[in-house]
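A quick write-up on the structure given underneath.
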Amino acid sequence: MNRWQRWWRRNELDEKLDGELRDHVERLAADYVAAGMPEVEARRRARLEFGGLEQIKEASRDVRGLNLVDDVTRDIRYAFRLLARSPAFACVAILTLALGIGANTLAFSILQAVLVRELPYRNPDRIVLVWFSPPGEPDDRAGATLQNYFAVRDRSQAFEFVGSRSTIEGSIAVEPDDVAGGEPVVGQRIHATLLPVLGVTPALGTWFTEADDPATAARKLILSHRLWQRRFGGDPAVIGRLVRLDGQEATVIGVMPEGFEFLDAVTQFWTPSRWSEATMASPSRMLVVAARLKPNVTLHQAQAEMDVLAGGLAREFPRTNKGWTIRLEPIHEAYTWRIRAPLLMLQGVVILVLLIACANVVGLLLAQASTRQQEFAMRLALGSSRGRLVRQLFAESVLLASIGCVCGIVLASAGLRVFMAQNPMTWLPRADGITLDARVLEFAVGVSAMSSILFGLLPSWTLSRRASFPAIKGGNTAGGMPHRQLRGVLVSSQVALALVLLIAAGLLVNTMVHLNLNRPGIDPTNLLAFQVRLPLSEMVTPTGRDAGGFFTMEFSPRVSQIFSQIQERLSLVPGVQSVAASVVAPATPAPFQLSLTAAGQPQAADHGMDSAAWFPVSSDYFKTLGIAVRRGREFSKSDSLASTQVAIVNETLARRLWPGEDPIGREITIDFVNDRPRQVVGVVADVRETSNQRDFAPHVFVPEAQLPLASRGWFQAPRITMTYLVRTATDPLQLVGPLRSAVAEVYRSQPIYGIRTMEEAMAEQIASWRQYLMLLGAFAGIAALLTLVGVYGLVAYSVGQRTQEIGIRRALGASSSAVLRLVLRQGLVLIGIGVAVGVTGSLATTRMLQGLLWGVSPTDPLTFVLVSMGLAAAALLACYVPARRALAINPIVALRVQ
Amino acid sequence: MTAPKSDLPQGTLDLLILQVVALGPVHGYAIAQRLQQISRDVLQVQQGSLYPALHRLENRGSLAASWKPSDTGREAKFYRLTPKGRAQLKDETANWARLAEAVQLVLAEGGAS
């Protein structure tokens, strides 16, 4: 008979066992009778001698090895019945656990997708990024020049493959008159060897070869899965199709797999690098170099080789490489270094939330247990073993944890939906992969199991140890000191933990307030921004190369003409108050830093050159954005290439160049290709580029219409892309239709894109903040709520336990306030201890938040005081409500209870 | 009741049961009686450990059991030794002898010093 047969036939076996044991007793009795004992006495004696029949049966059944199966099912069934009998206890315990487990599951799903999940490359741990770090900044991550890239590729022994990418923006026209094609999308220019580095193959078509890299090769294009779906309808026949990339013909040769990305999630297409001998000497560090380590080479060995290589490059190309070092970084690290600390902190927070939740459940179980002491004492007396009792109690914990786990997963999936609706992809790398997958579910189950051990063992241990014979007599006055002390410790720790979390959340909220107050000095209400891009091929004519080998070009005068015509036409749209245009979108980090010199300014040797953020803008720019002109005038339509060259400076630059003097009429020279000296005609108020910019930076503004037509180098695409800013009387989004057709009237083939209100744009700057804070705040809120429930539960329980005592005190004449004091005192002491420990803990730990805070010190006294007082007050209230019940105790009834 | 009762060393109950059963099919009560008689009342086996031990040996296949009519007229459960049980008895007897000898030796040496 195997175990299962035995289990199946357990009733029959039980009967047989019964028969066997009865036979024994009867033989024993018969022997006594034979020895001359009266029959009744003989039977009594035999049964007494034989001992506990049920215990022997139980032990014999245990031997069969299936008692466990039986017992566990029975324990679980019993636990179910118990929970059903006290639904309030069950609901509170399960909900508490569900919140704790759900929060952990949600946080882990983010952690898993962003930090843990493998990158979608072959052996991603063999891929490194080759960063170049400027002199004195060995941890910086700057790109490589083309020369650097070729040096790494051709001279290193450590790498199997080396590839690179740079980011471009380009418009892709599927058909010659494709209107949607006017909207540029982000792409990557790559060297063909990048793909073997990553070890990925296109889902469709082929990859580039190195023959495609030089500028003389025919243009080819590989699409992202998303772009292929969006613009080509997922048509497999797209391979070999001729499209226009920035007006020039290019052949689509492949489509990448879904979810493929390299360092950013916005890239929509890949195109070969198109390097040439002429671009070889360019000092620009646009390339991010990636390399695959040879199988037997360690990161350390490769780094040593790179150190030598960096020295060689510094000697060979001192102009670009003197003092620069090379730093290898595993690609996974490059993806995660920025976000690791905040995410780990989030996980730490939810673990604390779970601890608080477990403490609550322990409290509930202890309270319940004290009412069950009689039951357990009875069971012990009837022959149950202590082990069985512990198992029974543990089964109850496991059942609670299991139900809590299921509910927690449901909560987590709801929470995840809310989180994903916030579009976290803008600040969380690889956020699109956040799901409750098998690993996350395993984690949830593991967390539940751990917490059931945490909150299950303690009560079952103390209970079964204490349940002893005297308890059967029904005195629960012993409901006792150890329990009460234990619960006190639990509640104090809960208050302390919750306070630590709340203070952290408080500091972040405070940071948020600072960021909000620190808005750039422009008025964002009823201000719409959108972009218009002119076709590069029509507006720019290549004119060869200059002495340095750089491509030179001539911009068509039509660029400025079209832009100002659009501006004029837009201002005629009903409801529009004022219109301006800028090459740089406001409320973004300034992309152009140019050096400049002021005429007649003595140059101190150690001073170096002044530099400033540079903004080519249209007339009415300051009026439209609501920036105050402090002195002089702003640009007008008459500022043109033919008139006097002018510039406007902000107050910070004015102070720096001409301290204490009037800047109007001064002359400055900006280091921009072919730019002539300019006369300062105005000083404007300081404006922050972004919300989290601490100090004002020097800014210099020039009329877009005065940019020299002959140019060279990098500044092409930005110059034919204008951001229009439209100030309206009412909600600007209502006017998008008329504005769109106004632009089309001037320049038909170019659509407007990137439409958004400035309020949106500014909110986006702090969106990552807001979302992270929302998560953290939600978790801290849950912690606080659970703590309050814990405090409430403790006081309510102790009032219940001391009903008799309070009754006696009332009967002996204790006043209401005396009773209230008696009951509250315990809570007050515990909360006091908790707050003290929590504040100390926070002082020790908030330094970890440093990197997340802005404008707030990690030990900001205001936050500490307000949050501590708030939590203490709420906890007091949670004490007071059950304490009031003590007042309602009727002495007569209380004394009659026993 | 003259001689003081002794507790059985751990693990020896199985050996004793096997030895008693080796003499021929026997039921639980008789095993208890026989153990007590043979040991001249020194060993008193608690029924609380006898029956679990019997069932354990049965489950391991050292003993086989069958219900047969008995002297009382009712059916009783008779245990007998299986070949596996016989082998086990041999092993454990040898084991015990070695152990007893060793203990004796240690005690004797200990007394001499």
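Respectively, the protein sequence lines represent chains A and B. According to the numbering used here, the first sequence holds residues 540 to 1437 in order. According to the numbering used here, the second sequence holds residues 183 to 295 in order. Idealized CB from N, CA, C, for every residue including glycine.
### First through last residue of the alpha helix (DSSP H) which encompasses Ser648/A
Run containing Ser648/A: Pro626 to Leu650, per the alpha helix (DSSP H) assignment.
### Message
Are the CB atoms of Pro811/A and Ile729/A within a distance shorter than 8 Å?
### Response
It is a contact, given that the beta carbons lie within the stated cut-off.
### Query
Is the CB of Tyr233/B under 8 Å away from at least one CB in chain A?
At least one chain A Cβ lies under 8 Å of Tyr233/B.
#### Entry: C-alpha distance - Val1395/A paired with His1053/A, whole-angstrom precision
Roughly 8 Å separates the two Cα atoms.
### Message
Comparing C-alpha positions only, which one of Asn1429/A, Pro677/A and Ala1256/A sits nearest to Gln1070/A?
### Response
Among Asn1429/A, Pro677/A and Ala1256/A, the Cα nearest to that of Gln1070/A is on Ala1256/A.
### Query
DSSP state of Trp1197/A, grouped into three classes?
Trp1197/A sits in coil when the DSSP states are folded into three classes, being neither helix nor strand.
### Message
Counting only beta-carbon separations shorter than 8 Å, does Ala258/B have a partner in chain A?
### Response
Yes, Ala258/B counts as interfacial toward chain A.
#### Entry: Rounded straight-line distance, which links the Cα of Trp1308/A to that of Gly1114/A
The alpha-carbon atoms of Gly1114/A and Trp1308/A are separated by roughly 34 Å.
### Query
Is there at least one Cβ from chain A nearer than 8 Å to Gly230/B's Cβ?
Judged by the 8 Å Cβ criterion, Gly230/B is in contact with chain A.
#### Entry: Buried or exposed by the 16-neighbour rule on C-beta atoms within 10 Å, applied to Ile1105/A
A residue is called buried when at least 16 other Cβ atoms come within 10 angstroms of its Cβ; Ile1105/A meets this threshold and is buried.
### Query
By how many angstroms is the C-alpha of Leu1410/A removed from the C-alpha of Asp1399/A?
Spanning the two alpha carbons is a distance of roughly 17 Å.
### Query
Do you know how far the Cα of Ser821/A is from the Cα of Gln842/A?
Here the alpha carbon of Gln842/A sits roughly 25 Å from the alpha carbon of Ser821/A.
### Query
Any residues in the region 205-224 of chain B with a beta carbon nearer than 9 Å to a beta carbon of chain A? Which ones, in chain order?
Answer set for the region 205-224 of chain B: His209, Gly210, Tyr211, Ala212, Ala214 and Gln215.
### Message
Taking only three categories from DSSP, how would you classify Pro822/A?
### Response
In this structure, Pro822/A counts as coil in the three-state DSSP scheme.
### Rounded distance between the beta-carbons of Ala1035/A and Gly1373/A, thought under 8 Å
About 5 Å separates the beta carbons of Gly1373/A and Ala1035/A, which is inside the 8 Å limit, making them a contact pair.
### Query
Residue ranges of each alpha helix (DSSP H) run of no fewer than 4 residues wholly in the region 1124-1181 of chain A, ordered along the chain?
As far as the region 1124-1181 of chain A is concerned, its whole alpha helix (DSSP H) runs of at least 4 residues are 1160-1164.
#### Entry: Integer Cβ distance of Leu838/A from Leu1025/A, believed to fall under 8 Å
That pair is no contact at about 50 Å.
### Query
Out of curiosity, what's the CA-to-CA distance linking Ile1347/A and Arg616/A?
Their Cα atoms are separated by approximately 41 Å.
### Query
Does the count of Cβ pairs from the region 862-870 of chain A and the region 667-679 of chain A closer than 8 Å reach three?
As far as the Cβ criterion goes, the region 862-870 of chain A touches the region 667-679 of chain A, which means the pair count is three or higher.
### Task
Measure the C-alpha to C-alpha separation of Leu1363/A and Arg927/A and round it to an integer number of angstroms.
Distance between the alpha carbons of Leu1363/A and Arg927/A: 38 Å.
### Query
Can Ala585/A and Val564/A be called in contact, C-beta distance under 8 Å?
Val564/A is positioned such that its CB atom lies closer than 8 Å to that of Ala585/A.
### Query
Quick one: what's Ala683/A bridged to in DSSP?
Partner(s): Leu826/A.
### Query
Is any beta-carbon of chain B found at less than 8 Å from that of Arg930/A?
For Arg930/A, the closest Cβ of chain B is not nearer than 8 Å.
### Message
Pop quiz: Leu1046/A and Leu1388/A are said to be a contact at Cβ under 8 Å. What is the actual Cβ separation, rounded to whole angstroms?
### Response
With 8 Å as the limit, Leu1046/A and Leu1388/A qualify as a contact, their Cβ atoms being about 6 Å apart.
### Alpha carbon of Ile1207/A to alpha carbon of Ala1124/A, nearest angstrom
Separation of Ile1207/A and Ala1124/A (C-alpha to C-alpha, rounded to the nearest whole angstrom) is 24 Å.
### Whole-angstrom distance between Val901/A and Arg179/B, CA atom to CA atom
What is shown of chain B runs 183 to 295, which leaves residue 179/B out entirely.
### Query
Using the beta-carbon of each residue, which ones in chain B are nearer than 9 Å to Ala598/A?
Residues of chain B whose Cβ lies closer than 9 Å to the Cβ of Ala598/A are, in chain order, Gly230, Ser231, Tyr233, Pro234 and His237.
### Message
Checking the sheet assignment: what are the DSSP bridge partners for Gln1184/A?
### Response
As far as DSSP is concerned, Gln1184/A takes part in no beta bridge.
### Query
Which runs of the alpha helix (DSSP H), 4 residues or longer, sit entirely within the region 1296-1355 of chain A?
As far as the region 1296-1355 of chain A is concerned, its whole alpha helix (DSSP H) runs of at least 4 residues are 1297-1304, 1306-1340 and 1342-1350.
### Task
Could you tell me whether the region 1318-1332 of chain A touches the region 882-899 of chain A, where touching means 3 or more Cβ pairs closer than 8 Å?
When C-beta atoms of the region 1318-1332 of chain A are compared with those of the region 882-899 of chain A, three or more pairs fall below 8 Å, so the two segments count as touching.
### Task
Measure the alpha-carbon distance for Val929/A versus Ile942/A and round it to whole angstroms.
In this structure, the alpha-carbon of Val929/A lies about 20 Å from that of Ile942/A.
### Query
Does any CB atom of chain B fall closer than 8 Å to the CB of His563/A?
The Cβ of His563/A sits closer than 8 Å to at least one Cβ of chain B.
### Message
Once the 5 residues before and after Leu1405/A are set aside, which same chain residues still bring their CB inside 8 Å of it?
### Response
Take Leu1405/A, set aside five residues on each side of it, and the residues of its chain with a beta-carbon closer than 8 Å to its own are Gly1045, in chain order.
### Message
Suppose you measure from the CA of Tyr1419/A to the CA of Ala623/A; what does that come to, to the nearest Å?
### Response
Spanning the two alpha carbons is a distance of roughly 29 Å.
### Task
Would you mind telling me which residues of chain B sit closer than 8 Å to Leu567/A, beta carbon to beta carbon, in chain order?
Contact annotation for Leu567/A against chain B: Tyr211 [CB-CB distance below 8 Å, chain order].
#### Entry: Distance between Thr612/A and Phe619/A (C-alpha atoms, nearest Å)
Taking C-alpha positions only, Phe619/A is separated from Thr612/A by approximately 11 Å.
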